[in-house]
Amino acid sequence: MNWRAPLSVALLLGALLSGWAVWRQRDVAPVAPRANLRPDYVLNDFELVVLDRQGKEAFTLRAPRLERDPARKTMQIATPVFTLPPRDPAHTPWVVRARAGWVSADADELRLRGEVVASSRDAQDRPLRMESETLNVFPERDRADTRSQVVLTQPGLILTGRRGGEARLDTKRVTLHDVTARYARTAR
Amino acid sequence: RSSDRNQPMDLDANHTDCAVGNDRGPCLFKGNVRIVQGTLRISAATADLRRGGGDIQKVFLTGAPVQMEQQLDNGEQVSARSSRVEYDLQSETVVFIGNATLSKPDGSVSGERIVYNMASGQIQAGSENSRVKVRFLPKNRQAKAD
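Chains as they are written, first to last, in my numbering: chain A, 17 to 204; chain B, 52 to 197.
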């Protein structure tokens with residue numbers, strides 16, 4: 017019986033399988049790390065003041081629960097409320113809340129997920145509000161960005177970025193993409 | 052229409068770069084800008100909105116060209132285009148600058164600079180070094196032109 021043919025078919029299948037396995041392992045976008053290890057510590061109903069490298073307050077975090085991932089040194093938070101103080105006293109703080117939050121090991125990146133609401137006040141002391149499903153905040157650089165739809169409201173203005181945008185949290189300058197805006201005369 | 056002024060202004064565009072921390076900060080819209088305010092319709096490449104006291108004070112538009120249409124209280128349609136437009140909402144005055152033309156059923160005016168008062172319907176045209184061209188359509192031709 018001629019064994020060469022089945023052997024080469026078997027080898028071909030083996031090559032295809034290993035090629036497929038390598039392709040499956042290709043560089044897949046890192047999913048927000050979940051603390052799949054047992055947390056090394058858990059906080060309940062806490063307030064945490066995080067300082068930046070200069071020892072100044074980077075942000076304050078209040079939440080009912082925090083779990084710390086010992087391997088990545090990241091924190092997973094339930095219904096977080098972050099308060100981001102302004103560096104310049106002329107500016108106003110932001111309060112950012114969401115259904116879930118994640119803080120990087122160096123606390124230089126916050127990822128807010130689910131019903132994210134960021135609130136502040138403008139120079140005329142009028143309320144300013146940004147809503148989205150996701151928001152990435154970089155406290156030390158006073159920046160935030162999202163690829164989800166974001167709606168910004170303040171008296172007389174509704175600004176929507178259907179393809180997300182970026183915000184300077186200090187100067188409150190926003191860049192939005194695929195935009196609609198509605199200006200309504202404010203009541204006199 | 053004279054009621055346009057009190058209607059909400061709706062815009063859409065590809066991008067916006069907006070200073071929302073201060074009422075007087077600029078809000079620049081770029082790319083396929085379309086503005087609707089009552090019967091007023093504007094299309095432009097960019098629109099820079101300036102607010103004050105919580106309301107829009109002025110809009111500066113550029114385009115190739117900027118195009119504007121509006122229905123008058125008597126139902127007639129006015130349309131205009133130019134390279135640049137300055138719309139002052141407080142005085143209800145629109146200034147068309149650069150290769151400007153404004154057309155109404157009873158005729159049209161062209162020049163480098165046209166000032167149109169939306170409230171009174173008054174039109175001023177002309178600048179130092181450019182001539183103005185005005186065309187009046189006779190009554191019967193107006194009906195045909197409609």
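Here a beta-carbon is modelled for each residue, glycine too, at the ideal position from N, C-alpha and C.
Distance between residue j and residue i (C-alpha atoms, nearest Å)
| i | j | result |
| --- | --- | --- |
| PRO59/A | LEU82/A | Checking the sequence, you will find Leu at residue 59/A rather than Pro. Between LEU59/A and LEU82/A, the C-alpha separation is close to 5 Å. |
| ARG186/B | GLN175/B | 14 Å |
| GLY104/B | ARG115/A | 35 Å |
| LEU33/A | VAL25/A | 12 Å |
| VAL112/A | ALA139/A | 19 Å |
| PRO96/A | VAL136/B | 47 Å |
| ASP194/A | VAL117/B | 20 Å |
| ASP68/B | VAL190/A | 6 Å |
| THR99/A | ARG78/A | 8 Å |
| PRO77/B | ARG88/A | 42 Å |
Exposure label - residue i; buried when at least 16 CB within 10 Å
| i | result |
| --- | --- |
| PRO22/A | exposed |
| PHE147/B | buried |
| ARG182/B | exposed |
| SER53/B | exposed |
| TYR138/B | buried |
| GLN92/A | buried |
| GLY172/A | buried |
Partner residues on chain A for residue i, Cβ-Cβ distance less than 9 Å
| i | result |
| --- | --- |
| ASN57/B | ARG201 |
Residues that residue i bridges to, as DSSP identifies them
| i | result |
| --- | --- |
| GLY89/B | Answer is none; GLY89/B lacks a bridge partner. |
| MET14/B | Examination of residue 14/B is not possible in this model, given that chain B is present from 52 through 197 alone. |
| ASN152/A | ARG127/A and ASP161/A |
| HIS66/B | HIS193/A and LYS81/B |
| GLY158/B | LYS155/B and PHE187/B |
| GLN141/B | Paired residue(s): none; GLN141/B is not in a bridge. |
| ASP124/B | ASP124/B pairs with nothing; no bridge assigned. |
| LEU32/A | LEU32/A is not bridged to any residue. |
Partner residues on chain A for residue i, Cβ-Cβ distance less than 8 Å
| i | result |
| --- | --- |
| GLY126/B | Correct list: empty, because the minimum Cβ distance to chain A is about 25 Å. |
| ILE201/B | The displayed coordinates of chain B run from 52 to 197. Any statement about residue 201/B would go beyond what the structure contains. |
Chain-ordered neighbours of residue i on chain B, where CB pairs are closer than 8 Å
| i | result |
| --- | --- |
| ALA139/A | GLY72, ASN73 and ASP74 |
Test: residue i CB closer than 8 Å to a CB of chain D
| i | result |
| --- | --- |
| ASN60/A | Among the protein chains in the structure shown, which are A and B, there is no chain D. |
- For the region 59-81 of chain B, which residues have a CB atom closer than 7 Å to at least one CB atom of chain A, in sequence order? PRO59, MET60, ASP61, LEU62, ASP63, ALA64, ASN65, HIS66, THR67, ASP68, CYS69, ALA70, VAL71, GLY72, ASN73, ASP74 and PHE80
- Message: By the 7 Å beta-carbon criterion, what residues does the region 145-176 of chain A contribute toward chain B?
- Response: LEU168, GLN170, PRO171, GLY172 and LEU175
- Identify each residue in the region 185-197 of chain A for which the Cβ-Cβ distance to at least one residue of chain B is less than 7 Å, and report them in chain order. THR187, LYS188, ARG189, VAL190, THR191, LEU192, HIS193, ASP194, VAL195, THR196 and ALA197
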